[in-house]
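Numbering (the working numbering), first residue to last: 3 to 117. Backbone N, C-alpha and C fix where the C-beta goes; we use that ideal spot for every residue, glycine too. The model shown is predicted, which means the values in this text are computed figures rather than measured ones.
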Amino acid sequence: MKKITRYTLSLLFCFYTAISVAKNESKSNLVTSKVETQVLSEKNQQNIKPNAVNINTATATEIQDKLVGIGTKKAQAIVEYREKNGQFLSAEQITEVSGIGPATLDKNRERIILK
């Protein structure tokens with residue numbers, strides 16, 4: 003009788019240990035999966051538009067580096083416009099910045115990110 007009890011207790015211990023390990027791995031995999039998804043999402047955005055720039059958050063230097071036909075003065079004007087009027091709601095709104103017209107917008111439409 004004692005052998006059966008020891009054997010049963012041993013099996014129960016192994017069973018509970020296996021369940022505990024499985025639960026911990028599941029939680030760990032979920033966290034890892036969320037982090038990997040976020041990293042992949044960020045990488046995909048960079049791969050799709052490596053020269054894109056968020057004109058609502060970028061510095062004048064970043065805007066100048068990423069947008070075609072935008073020099074130091076125009077990049078600074080974009081930042082000043084944003085600070086005075088709030089975030090850009092559309093790419094077309096950039097033409098309201100002095101010195102930036104439809105031709106500049108057309109050259110940069112695919113590079114402009116708003117969010």
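Own chain, CB closer than 8 Å to residue i, minus 5 neighbours either side, in chain order
{"i": "Arg113", "result": "Lys51, Asn53, Ala54, Val55, Lys68, Leu69, Val70"}
{"i": "Gly103", "result": "Thr97"}
{"i": "Thr63", "result": "Ala77"}
{"i": "Thr74", "result": "Ala62, Gln66"}
Nearest residue (CA-CA) to residue i, options the options
{"i": "Asn110", "options": "Ile65, Thr19, Thr59, Lys117", "result": "Ile65"}
{"i": "Glu94", "options": "Asp108, Ala79, Gly88", "result": "Asp108"}
{"i": "Thr59", "options": "Thr7, Glu85, Thr19", "result": "Glu85"}
{"i": "Phe90", "options": "Leu116, Ile72, Thr74", "result": "Leu116"}
Buried/exposed call for residue i, threshold 16 Cβ in 10 Å
{"i": "Ala105", "result": "exposed"}
{"i": "Ile57", "result": "buried"}
{"i": "Ile21", "result": "exposed"}
Cut-off 7 Å between Cβ atoms - residues of its own chain near residue i, not counting five sequence neighbours on either side
{"i": "Ala79", "result": "Val99, Ser100, Gly101"}
Contacting residues, own chain, Cβ-Cβ under 6 Å from residue i (five flanking each side not counted)
{"i": "Tyr83", "result": "Val99"}
{"i": "Val81", "result": "Ala62"}
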